[in-house]
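Numbering (our numbering), first residue to last: 7 to 429.
Virtual Cβ for every residue (Gly too), placed ideally from N, Cα, C.
Below is one structure; the comments refer to it alone.
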DNA sequence: TCTGGGGTCCTAGGACCC
DNA sequence: TCTGGGGTCCTAGGACCC
């Protein structure tokens with residue numbers, strides 16, 4: 007038998023909800039939903055909540071009544087918990103396959119090369135699912151196929167199957183799966199493209215897969231062309247196994263409108279520090295910083311919900327030092343700050359990233375020679391003792407601008423004082 | 001009153017150069 | 001009289017994902 011390449015897509019079911027359920031079993035079989043930052047939108051739903059017709063991403067105030075009516079249990083998002091649970095799942099997956107691509111907080115592709123007997127993969131999928139259930143307590147779905155796009159399709163089918171595992175092997179299975187799949191359910195095709203394709207008389211994944219990728223590429227661009235290849239079992243999406251981020255963003259809406267410079271600087275400094283920590287963790291340096299501001303329109307009749315302002319600053323030499331970045335942030339804010347303006351959100355984006363090792367030493371050094379060690383020590387202590395044990399003075403201590411989080415669960419796995427007690 | 005946050009890739013168009 | 005053409009780089013914005 008010819009050896010072939012296969013992909014498995016492992017996806018945690020209703021991930022945030024499932025994480026909450028691990029530490030609070032009373033939530034089982036109850037309708038549970040998780041809110042975004044600032045308790046703004048619905049970002050995760052249990053099956054019971056989905057059945058109530060509450061859509062993903064809807065502003066919470068629009069469904070609040072419905073939730074009260076059906077006794078839906080509501081949580082603010084607890085990323086310390088979800089991030090830690092995700093890390094544990096990924097450690098297990100790493101053990102199970104040499105090639106793991108972490109795609110998001112709750113899903114990962116496993117790549118298997120030179121597979122002689124694909125049925126073996128099915129056995130392995132069962133083992134993976136059982137191990138994650140036993141060691142971590144999270145339910146996962148697994149889709150198997152010859153390309154990433156088809157593995158996504160298989161995963162969708164798996165989610166609705168009794169075993170939670172589906173292998174999209176063989177022509178007949180592929181034909182049946184694609185004929186039953188509406189275009190917008192294909193990975194990479196959103197509502198806009200679906201509409202345009204519908205106008206051309208195309209409705210299912212099968213319809214699309216029949217087209218000439220060269221023709222589609224000309225009309226819709228290379229992305230859609232690639233999808234056609236993938237749907238036909240030809241892998242063309244590259245494997246980004248150890249991708250370093252190409253930009254790092256940290257931003258948040260304020261809990262209440264901000265007008266004081268001090269608050270604006272505190273918030274921006276916190277986000278800069280957060281972004282720089284991520285930057286150092288992936289071993290990169292940034293060559294540019296962008297700061298974003300969302301502003302309440304001064305004209306009350308404005309059709310827009312907010313106005314935007316942004317400023318880019320190119321660094322004379324790349325850095326990962328929080329203090330350097332924060333100095334620049336302060337400089338930028340001083341330039342744009344207007345006392346009569348109402349600010350709703352601020353964000354810091356680190357751009358033009360490269361590996362810290364390839365950085366050239368410049369005689370025009372911005373930072374003292376021991377700057378790197380200082381940051382290293384800061385990261386070590388914050389890692390061990392909890393985030394923000396050490397912080398930069400301009401991050402402030404009052405943090406009046408912080409968002410709402412009225413329904414947060416304890417950080418069971420990342421704070422000693424939140425450790426679950428079993429009585 | 002209340003509408004998240006963090007990413008990727010691609011494309012079109014302007015500026016600039018020879 | 002009569003207005004090139006091709007290449008590169010950069011940026012903003014679009015579309016998509018979770």
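By how many angstroms is the C-alpha of residue 83 removed from the C-alpha of residue 274? The straight-line gap from Cα to Cα measures roughly 21 Å.
Drop a sphere of 10 angstroms on the beta-carbon of residue 353, count the other beta-carbons inside from all chains shown, and report buried for 16 or more, exposed for fewer. The residue is buried, with at least 16 neighbouring Cβ atoms inside 10 Å.
4-residue-minimum alpha helix (DSSP H) runs that sit fully inside the segment 132-209, ordered along the chain: DSSP runs (the alpha helix (DSSP H)) wholly in the segment 132-209: 154-165, 177-185, 197-205.
May I ask you to report which of helix, strand or coil DSSP gives residue 291? In this structure, residue 291 counts as strand in the three-state DSSP scheme.
Secondary structure, alpha helix (DSSP H): runs of 4+ residues fully inside the segment 62-130: Segments of the alpha helix (DSSP H) lying fully in the segment 62-130: 66-75, 85-102.
On a Cα-Cα basis, can you pick out the residue from 336, 167, 160 that is closest to residue 115? For residue 115, the closest alpha carbon among the candidates 336, 167, 160 is that of 160.
Here's the rule I'm using: 16 or more other beta-carbon atoms within 10 Å means buried, otherwise exposed. How should residue 107 be labelled? Counting the other CB atoms within 10 Å of its CB gives residue 107 a total of 16 or more, which places it among the buried residues.
Cβ-based neighbour list, residue 68, same chain, cut-off 6 Å, excluding 5 preceding and 5 following: Non-local beta-carbon contacts of residue 68 in its own chain, meaning distances under 6 Å to residues more than five positions away in sequence, are absent.
Reference residue 154, options 238, 138, 19, closest by Cα: Nearest Cα to residue 154 within the set 238, 138, 19: 238.
Where the beta strand (DSSP E) containing residue 17 begins and where it ends: Annotation for residue 17: the continuous beta strand (DSSP E) segment containing it runs 10-18.
Let me make sure I understand the geometry here. Which of 263, 60, 336 has the alpha-carbon closest to that of residue 349? Comparing Cα positions, the closest option is 263.
Residues near residue 137 by beta carbon distance below 7 Å, same chain, minus five either side: Closer than 7 Å at the Cβ level, and outside the excluded window around residue 137, lie 98.
Would DSSP call residue 21 helix, strand or coil? Helix at residue 21.
According to DSSP, simplified to helix, strand and coil, what is residue 320? In this structure, residue 320 counts as strand in the three-state DSSP scheme.
If you run the structure through DSSP and keep just helix, strand and coil, what is residue 332? In this structure, residue 332 counts as helix in the three-state DSSP scheme.
So, for residue 10: in the same chain, excluding its five sequence neighbours on each side, which residues have a beta-carbon less than 7 Å away from its beta-carbon? Non-local beta-carbon contacts of residue 10 in its own chain, meaning distances under 7 Å to residues more than five positions away in sequence, involve 121, 152 in chain order.
Alpha carbon of residue 13 to alpha carbon of residue 132, nearest angstrom: Near 15 Å, if we compare the C-alpha coordinates of residue 132 and residue 13.
Looking at residue 87 and residue 415, is the spacing between their C-beta atoms short of 8 Å? The Cβ atoms of residue 415 and residue 87 sit closer than 8 Å to each other.
Taking 6 Å as the limit between beta carbons, can you name the residues of its chain near residue 230, skipping five residues before and five after? Within the same chain, Cβ atoms closer than 6 Å to the Cβ of residue 230 are found at 222, the five residues on either side in sequence being excluded.
At a cut of 8 Å, does the segment 401-408 reach the segment 266-284 through at least three beta carbon pairs? The segment 401-408 is in contact with the segment 266-284.
Using the three-state DSSP reduction, which class does residue 258 fall into: helix, strand or coil? The answer is strand: DSSP assigns residue 258 an E or B state.
Inter-stretch contact (C-beta, 8 Å, three-pair minimum) for the segment 250-261 and the segment 374-390: Too few Cβ pairs lie closer than 8 Å, so no.
Residues bridged to residue 349 [DSSP beta-bridge criterion]: Residue 349 is bridged by DSSP to 264, 301.
Please list, in chain order, all residues of the same chain as residue 313 whose beta carbon is under 6 Å from its beta carbon, the five residues on each side excluded. Excluding residues within five positions, the ones whose Cβ falls inside 6 Å are 301, 303.
Would you identify the three-state DSSP class for residue 216, choosing helix, strand or coil? Note: residue 216 maps to coil in three-state DSSP.
Would DSSP call residue 313 helix, strand or coil? Three-state DSSP puts residue 313 in a strand.
Taking buried to mean at least 16 other C-beta atoms within 10 Å of its own C-beta, is residue 113 buried or exposed? Sixteen is the threshold: when 16 or more other Cβ atoms of the shown chains lie within 10 Å of the Cβ of residue 113, as they do, the residue is buried.
Kindly indicate which three-state DSSP category residue 379 falls into: helix, strand or coil? The DSSP-derived three-state label of residue 379 is helix.
Rounded to whole angstroms, how far is the Cβ of residue 245 from the Cβ of residue 117, which I believe are closer than 8 Å? Taking C-beta atoms under 8 Å as the contact rule, residue 245 and residue 117 qualify, at a distance of about 6 Å.
Using a threshold of 8 Å, state whether the C-beta atoms of residue 236 and residue 228 are closer than that. For residue 236 and residue 228, no; Cβs fall outside 8 Å.
Would you report the Cα separation of residue 329 and residue 382, rounded to the nearest angstrom? When rounded, the distance between both Cα atoms is 13 Å.
Given a threshold of 16 other Cβ atoms within 10 Å of its Cβ, counted over all protein chains shown, does residue 387 qualify as buried or as exposed? Residue 387 should be labelled exposed.
Work out the CA separation of residue 418 and residue 395 for me, nearest whole Å. Distance between the alpha carbons of residue 395 and residue 418 is about 19 Å.
Check each candidate in 424, 89, 26, 149 and name the one with the smallest Cα separation from residue 79. Among 424, 89, 26, 149, the Cα nearest to that of residue 79 belongs to 26.
Using 10 angstroms around the beta-carbon of residue 119, count the other beta-carbons present and answer buried if the total reaches 16, otherwise exposed. By the 10 Å Cβ count, residue 119 comes out exposed.
Between 333, 424, 188, which lies nearest to residue 210 when the distance is taken from Cα to Cα? Looking at the Cα atoms, 188 is the closest of the given residues.
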